[in-house]
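To keep things clear, I will list the structure first and then write my remarks on it.
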Amino acid sequence: MEAVVPSDVVLKTTALFTAEELEPRAGCVAVRGSEIVAVGSPDKVQPFIGPDTEVIDAGNKLVMPGFNDSHMHFALGSIQKDEDFCCDLMFLPSEQACVDAVAKFAAEHPDNPWIYGQGWYSPAWENPIDPDCRSLDALDIDRPIVLSDFSMHVVWCNTAALRAVGIDRNTPTPEGGLIRHFDNGEPNGFLSEPQATNILLDVVLNKPDLDASLLKSMRKFNKLGITSIGDMYPLGVTTPGVYDIYDRLASEDLSTLRISYYSALDAPMAESQALRVRHHGERVRMAGLKYILDGCPEAYTAYMHEPYLNAPTGKDFRGEPACNQETLDRMMLEASMNGFDVRIHAIGDASATMIIDAVERAEEVCGNKGARFAIEHTDNLKLEDIARMKRLGINAAIQPQHPIGGLGQGVYEESLGEERMSHMWRYREEADGGIHLGLGTDWPAVMSIDPIDTVYAAVTRSEFDGHPAEGYFRENALTLGETLQAHTLGSAYVEGFERRLGSLAAGKLADIVILSGNPFEMNPMALRDLEVETTIFNGRVVYRKDEA
């Protein structure tokens with residue numbers, strides 16, 4: 030019998046969550062190099078313990094795969110959380126509070142050529158009306174000011190910013206975007222959707238020293254147990270060569286995060302193919318293509334089957350998709366024929382139907398070539414479309430913090446009505462319908478990047494302060510086991526990476542987390558008391574709470 034080569038690390042626990050089952054059990058995990066070599070009972074793993082093996086006894090603390098945030102904008106979030114680059118406007122109660130914060134930030138950063146901020150959310154303001162340039166123009170600041178909202182779909186800016194990029198009364202509104210105007214025809218500093226907002230953001234979001242911000246985020250993510258991400262188009266930054274920066278950090282062994290990135294679906298196919306050839310490693314990989322088909326209900330840009338109740342554009346308005354069905358069909362067919370996975374943002378139910386129709390037509394023409402499709406967000410879905418998603422193998426990438434962040438503000442009740450609002454974020458029906466779920470946050474457009482907060486939101490459907498105690502439409506909550514599985518193995522599946530990632534199994538990459546307790550023995554409302562005690566990435570401990 031061939032001798033067993035000892036492992037580098039063995040973890041023991043009475044609460045081992047492999048993600049291949051929905052409940053934890055007692056067991057051990059043996060790690061050698063960057064891979065898991067054994068999982069099972071102490072007797073099974075004992076032969077892998079040698080004189081130099083580090084044995085970590087976690088007691089009754091949960092040992093699980095590293096968290097995988099399947100939908101975020103990593104480079105953008107990294108610079109938006111850089112306190113010297115971006116003014117934090119999250120949770121401010123009014124337009125004036127945001128203006129005051131901008132004034133303070135500008136005074137503290139006199140050398141910043143542009144003043145950039147992010148996180149304002151007008152539906153939660155004391156006076157919930159959309160802002161315009163007048164309040165910013167009233168400041169004694171001659172620099173351009175550009176402020177992204179919480180969702181990253183809307184920009185509020187001053188007149189100096191409009192002038193800096195050449196937006197005036199004669200600027201045509203880009204297809205799929207919105208540039209609002211005063212009654213006199215002048216632009217009012219409120220723009221929505223990337224086709225319009227990127228006119229400004231392409232200029233302001235170019236940070237030359239991006240490396241430092243990325244590494245800072247990686248260390249923060251490791252502290253929270255995040256070891257993998259799905260990095261979605263749009264990047265949100267215009268620093269050249271971002272994907273190559275990711276690759277360089279990995280090749281220099283500085284990166285402690287697996288990045289599966291998705292570039293633009295509507296880019297030339299030759300460019301997408303070149304990226305796939307260039308980036309195909311286990312730390313940085315071009316995983317597929319992404320498209321944004323609609324916007325969000327707050328801006329009346331989510332494409333709905335039924336009209337909005339209070340849209341300023343008229344009673345029959347139901348939003349508009351970024352492209353027509355024929356164009357979407359063509360792009361999806363080309364991607365499918367070339368073997369690319371595709372993930373498409375759809376918050377409106379009509380947009381989701383368009384995607385499902387496009388997948389169906391693509392498969393009718395070329396069959397399933399192994400490409401995977403996912404709808405991002407699935408805030409609004411018709412029940413019959415869930416069944417179609419299952420039949421066609423379409424996955425759902427969901428962000429459980431979005432319901433608790435939006436339902437308490439009243440914006441959806443006003444724009445969609447109570448009946449439609451009660452059927453938003455149908456996670457329970459998606460899970461019961463057999464849809465593969467991947468969990469994420471849409472960082473930085475989220476209240477918290479902490480996976481524990483995302484788990485709490487998925488299980489309780491309550492806000493972070495515990496309100497409402499019964500949760501928002503808790504009948505659509507997920508179980509704890511489903512949530513942890515979706516935040517690990519489910520995310521890896523959506524990313525097409527489940528053969529190497531997402532569960533604790535021999536032959537898979539050794540990305541492992543130890544929590545401070547066992548959430549399966551806790552009151553769900555207390556889940557946010559949990560912390561990450563240890564994070565292992567690629568077989569190496571990259572965070573220990575007692576050493577932080």
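Here the sequence shown stands for residues 30 to 577, where the numbers follow this note's numbering. Just so it is clear, CB atoms sit at the ideal spot from N, CA and C, and this is done for glycine as well. As the structure is a computational prediction, the values presented were derived from the model and not from experiment.
query, result
"At the 8 Å Cβ level, is S545 part of the contact set with chain C, yes or no?", "No chain C appears in this structure, which consists of one protein chain only."
"DSSP three-state label for L362, please.", "helix"
"Given a cut-off of 8 Å on the beta-carbon distance, is the pair A299 and M333 in contact?", "no"
"Tell me E405's beta-bridge partners as DSSP assigns them.", "H374, A426"
"At the level of alpha carbons, what is the spacing between A67 and V570?", "18 Å"
"In terms of alpha-carbon separation, which member of L51, K90, N89, V39 lies closest to I78?", "V39"
"In angstroms, rounded to a whole number, what distance separates the CA positions of W454 and L445?", "14 Å"
"How should P237 be labelled, buried or exposed, when 16 other C-beta atoms within 10 angstroms of its C-beta is the threshold for buried?", "exposed"
"Among all the DSSP beta bridges, which residues are the ones paired with W472?", "M101"
"Ignore the nearest five residues each way along the sequence and tell me which others in T330's own chain have a CB closer than 8 Å to its CB.", "H182, L207, S221, E222, D323, G324, G348, E349"
"Opposite W149 in the DSSP bridges: which residues?", "D178"
"Are N141 and I258 close, meaning C-beta to C-beta below 8 Å?", "no"
"Under 8 Å by Cβ, that's how I've got L294 and A104 pegged, so tell me the actual separation to the nearest angstrom.", "Contact doesn't hold; Cβ gap of about 19 Å is too wide."
"Exposed or buried, H431, counting other C-beta atoms within 10 Å across all chains shown (16 or more means buried)?", "buried"
"Could you check where the beta strand (DSSP E) with D260 kicks off and where it finishes?", "255 to 261"
"Alpha carbon to alpha carbon, how far is N547 from K90? Give it in angstroms, no decimals.", "5 Å"
"Determine the DSSP secondary structure at Y485, reduced to helix, strand or coil.", "helix"
"Thinking C-alpha only, which one of G422, H406, D159 is nearest H100?", "H406"
"Is the beta carbon of Y272 sitting closer than 8 Å to the one on Y291?", "no"
"Hey, how far is the Cα of S280 from the Cα of Q125?", "46 Å"
"If you run the structure through DSSP and keep just helix, strand and coil, what is D276?", "helix"
"Do E215 and the ligand ATP come close, with the Cβ less than 7 Å from some heavy atom?", "The ligand ATP is not among the ligands present in this structure, which contains no ligands whatsoever."
"Between E524, E527, A577, L513, which has its C-alpha nearest L45's C-alpha?", "L513"
"In its own chain, which residues sit with a C-beta less than 6 Å from the C-beta of A364, not counting the 5 before and 5 after it?", "L318, V371"
"Let me check one thing: in DSSP terms, what residues is C127 bridge-paired to?", "Looking at the DSSP assignment, C127 forms no beta bridge with any residue, so it has no partner."
"So what does DSSP say about D72, is it helix, strand or coil?", "helix"
"With a Cβ-Cβ cutoff of 8 Å, do L118 and L176 count as a contact?", "yes"
"Going by other Cβ atoms of all chains shown within 10 Å of its Cβ, with 16 needed for buried, is I415 buried or exposed?", "buried"
"Per DSSP, what kind of secondary structure is T43 in: helix, strand or coil?", "strand"
"Please go through the same chain and pick out, in chain order, the residues whose beta-carbon is closer than 8 Å to the beta-carbon of A130, but skip the five residues on each side of it.", "C116, D117, L118, L121, G146"
"Y291 by DSSP, collapsed to three states: which one?", "strand"
"Could you check how far apart the C-beta atoms of I376 and P336 are, in whole angstroms? I think they sit under 8 Å.", "Wrong, their Cβ atoms sit about 16 Å apart, outside the cutoff."
"Secondary structure at V523, three-state DSSP: helix, strand or coil?", "helix"
"Considering only DSSP beta bridges, list what H309 is partnered with.", "R314"
"I'd like to know whether the C-beta atoms of H374 and Y456 end up nearer to each other than 8 Å.", "no"
"DSSP three-state label for Y337, please.", "coil"
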